[in-house]
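Q: Counting from 5, one number per residue, gives the positions in the sequence shown under the working numbering.
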Amino acid sequence: MRDAAILWFRQDLRLADNPALAAIGERPVLPVYILEDGPWAPGGAARWWLHHSLAALSAALAAAGAPLLILRGDPRAILPALAEATGAAEVHAGRRTEPAGRRCDAETHAALEATGRRLVLHRTALLHEPHLVRTGSGGPYGVYTPFSRAVFALLEGLPPPIPAPSRLQPVAEAPQGLALDALGLLPQPPVPDWAAGFHDHWQPGEAGAAARMAAFLAEGLDGYAARRNDPGVTWGTSGLSPHLHLGEISPRQVWHAARAKGGRGLETFLKEVLWREFSHHLLWHRPEMPETPLRSEFAGFPWRRDAALLRAWQRGRTGFPIVDAGMRQLWQTGWMHNRVRMIAASLLVKHLLQPWQDGEAWFWDTLVDADLAANSASWQWVAGCGADAAPYFRIFNPVLQGEKFDPDGAYVRRWCPELAKLPDRWIHRVHEAPEIVLRGAGIVLGKDYPAPIVDLAEGRARALAAFAEVKGAD
Ligand code: FAD
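1) Do you know offhand how far S152's Cα is from E271's?
2) Please state whether the Cβ-Cβ distance between F282 and V403 is less than 8 Å.
3) Might you give, ordered along the chain, the residues of its own chain that have their beta carbon closer than 6 Å to the beta carbon of R80, omitting 5 neighbours on each side?
4) Taking the straight line between their C-alpha atoms, what separation do you get for V474 and D362?
5) I want to check one thing, is the minimum distance from the CB of G91 to the heavy atoms of the ligand FAD below 7 Å?
6) For R99, report the span of its beta strand (DSSP E) as first-last.
7) With C-beta atoms as the reference, is A97 less than 8 Å away from L19?
8) Do you know offhand how far A168's Cα is from W339's?
9) Counting C-beta neighbours from all protein chains within 10 Å, is the total for S141 16 or more, i.e. buried, or is it exposed?
10) Starting from R554, follow the beta strand (DSSP E) in both directions and report where the run begins and ends.
11) Given 7 Å as the limit, tell me if W383 has its C-beta closer than that to any heavy atom belonging to the ligand FAD.
12) How would you write the range of the beta strand (DSSP E) that Y37 sits in, first residue to last?
13) Which one of V33, D16 and A461 has the shortest CA to CA distance from A8?
14) Using the C-alpha atoms, what's the distance from W12 back to A89?
15) Roughly how many angstroms separate the alpha carbons of W198 and F220, rounded to a whole number?
16) From which residue to which residue does the alpha helix (DSSP H) around A488 run?
17) Please report the distance separating the alpha-carbon of T241 from that of E276.
18) For H203, count neighbouring C-beta atoms within 10 Å of its own C-beta (all shown protein chains included) and say buried if the count is 16 or more, exposed if not.
19) In the DSSP assignment, find the unbroken alpha helix (DSSP H) run with A465 in it and report its ends.
20) Should A157 go down as buried or exposed, given a rule of 16 or more other Cβ atoms within 10 Å for buried?
21) Quick check on the burial criterion: 16 or more other C-beta atoms within 10 angstroms. Buried or exposed for M5?
22) Run through the segment 131-183 for me and flag every whole alpha helix (DSSP H) of 4 or more residues, listed as ranges in chain order.
23) Could you please give me the residues that DSSP links to H203 through a beta bridge?
24) Under a three-way DSSP split, which group does N22 fall into?
25) Ignoring anything shorter than 4 residues, give me the alpha helix (DSSP H) runs that lie fully in the segment 236-268, in order along the chain.
26) Whole angstroms are fine: how far does the CA of D234 sit from the CA of E462?
27) A24 and D16 - do their beta-carbons sit closer together than 8 Å?
28) Skipping 5 residues on each side, what residues in its chain have a beta carbon closer than 6 Å to that of K2?
29) Determine the extent of the beta strand (DSSP E) in which H435 is found, giving its start and end residues.
30) If you draw a straight line from the C-alpha of D109 to the C-alpha of L123, how long is it?
31) Specify, as a first and last residue, the run of the alpha helix (DSSP H) that R343 falls within.
32) I'd like the list of long-range same chain contacts for V434, defined as Cβ closer than 8 Å, with 5 residues on each side in sequence excluded.
33) Helix, strand or coil: which one does DSSP assign to E292?
34) According to DSSP, which residues form a beta bridge with R76?
35) Report the residue from L75, V95, P46 and E407 whose alpha carbon sits nearest the alpha carbon of G29.
36) Give me the Cα-Cα distance between E160 and H260, rounded to the nearest whole angstrom.
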């Protein structure tokens, strides 16, 4: 069956608005997912999501008539063999920006070409093509604002999303694959099921993504500009990031749906969606970004690696309620509000002087939306060593940030229930609360809730001194 094609799913686990699927058209198709090993393989929380997303995709493909083949291993060897077995002349897939993925794709294409076949890549995950969008002088963008202006202009003529096909024609003889469970993506005994509570917050898969988009349009978009920094507010932001990461919804669907709805929050929301594009643009052009500071003067930064401090931060036991609430939200739901990600990351790399790569690694393992481009770009941004980064000397004070963005302590009370009875005035300053207030709220500092692990003024001074050592930094 020479005219068959393989549809290789990676980070575009959907049937609607999938240009790789659309390119196959009416031809017999073998949909395949291959779990790959290698650098930056998905972390624990992202694996949980992937399991459930693949389950949803499998069900949708089976209903459409072409069941998903699940495999594990090296695509460079697997795909030529599959093409041979099915007679497929082409493999269609979405383009990816991760360096290991790009390498793998180039080598898979070469392996297919050696037998007269080819890998055809489509734009499934982004609104722009990182290799095509260029500055006036022909280089890549390193600053967000001009990048977003250029992409906004390009998107004026963005075609509408492609509807999902109702029927697919399967290949005549599909090879035998693995059962989803055999991938071992879920927490395995004897490890406790740390993801047990995730289902209360998320519905992975294309239908869950569409439902979340619809709810956000109804409940959140209009107030987005005003409420996106308030972590205690329901629908302050969309919560679409894990769905976007695995492509259960395309950025084009998000873009069009938001524009069709319109309203006061629209422009701010679209600009955030373009931060995602910018991160991928950066990763494409600076593939070293996940490991290496983009500003080379940070290579010798005098970090003070300390396992106990890192552990206290990871467990949400820093003594700064907004940070602890965020780290516990992360552990319990696999997600953290953006404002709190910035505050928690800043405490780690600035007041505590821990390397940004350690925070990046923890987020990689615990976020359901862990995304190599967004995570590494954001950590470098907070640490001051990235493209268009926050200046290093702009150091968030977690107490003031908490008071500003969670003034009534709703967010802290939810994730740090031991603080629930504190009056608003002390909710972000537990360590300064008078003894009588603490007693009234049932808190013994250092027992029920930790004393701060760093003195903020000292931590700030130490961070600034460390920064001054970075030669040539401004
Ligand atoms: P919304 O506010 O509803 O925004 C809509 C979409 O825009 C998001 O779903 C996301 O895809 C994109 N977006 C919004 N803000 C950003 C941003 N600053 N950078 C890139 N894309 C953005 N985002 C990830 O998707 N994966 C990560 O691994 C990740 N790690 C981060 C680490 C740190 C230290 C920080 C400070 C931020 C990180 N972010 C990451 C960015 C941001 O926090 C999340 O995208 C956002 O919180 C997701 O929530 P939402 O879907 O409700 O966002």
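Glycine included, every Cβ here is placed at the ideal spot set by N, Cα and C.
A: In terms of the structure at hand:
1) S152 and E271: Cα-Cα distance of roughly 12 Å.
2) no
3) E111, T112 and A115
4) 20 Å
5) no
6) Here R99 belongs to no beta strand (DSSP E), and DSSP marks it neither H nor E.
7) Taking a C-beta distance under 8 Å as the contact criterion, A97 and L19 do not qualify as a contact pair.
8) In a straight line, the C-alpha of A168 is about 29 Å away from that of W339.
9) S141 is exposed by the Cβ-count criterion.
10) Given a span of 5 to 478 for the chain in the structure shown, any question on residue 554 remains unanswerable.
11) yes
12) V33 to L39
13) V33
14) When rounded, the distance between both Cα atoms is 15 Å.
15) 27 Å
16) Outside the displayed span of the chain (5 to 478) sits residue 488, for which this structure offers no information.
17) 10 Å
18) Counting of Cβ neighbours within 10 angstroms places H203 among the exposed residues, the total staying below 16.
19) L460 to A472
20) exposed
21) Note that M5 has pLDDT 47, beneath the 50 cutoff, so the model's placement of it is unreliable and the number below is only indicative. By the neighbour-count rule (16 or more Cβ atoms within 10 Å), M5 is not buried but exposed.
22) Taken in chain order, the complete alpha helix (DSSP H) segments of 4 residues or longer contained in the segment 131-183 are 148-158.
23) None; H203 has no bridge partner.
24) coil
25) Inside the segment 236-268, DSSP marks whole alpha helix (DSSP H) runs of 4 or more residues at positions 245-249 and 255-265, from first to last along the chain.
26) 28 Å
27) D16 places its beta carbon less than 8 Å from that of A24.
28) There is no way to answer for residue 2, as the model of the chain reaches only from 5 to 478.
29) Taken as a continuous stretch (DSSP letters only), H435 belongs to no beta strand (DSSP E), as it is neither H nor E.
30) Using only the alpha carbons, I get a separation of about 8 Å.
31) Run containing R343: N342 to S350, per the alpha helix (DSSP H) assignment.
32) Only G323, P325, L423, L426, L442, I447, L449 and Y453 meet the Cβ criterion.
33) coil
34) The partner list for R76 (beta bridge, DSSP) reads L39.
35) V95
36) Answer to the nearest angstrom: the Cα atoms are 11 Å apart.
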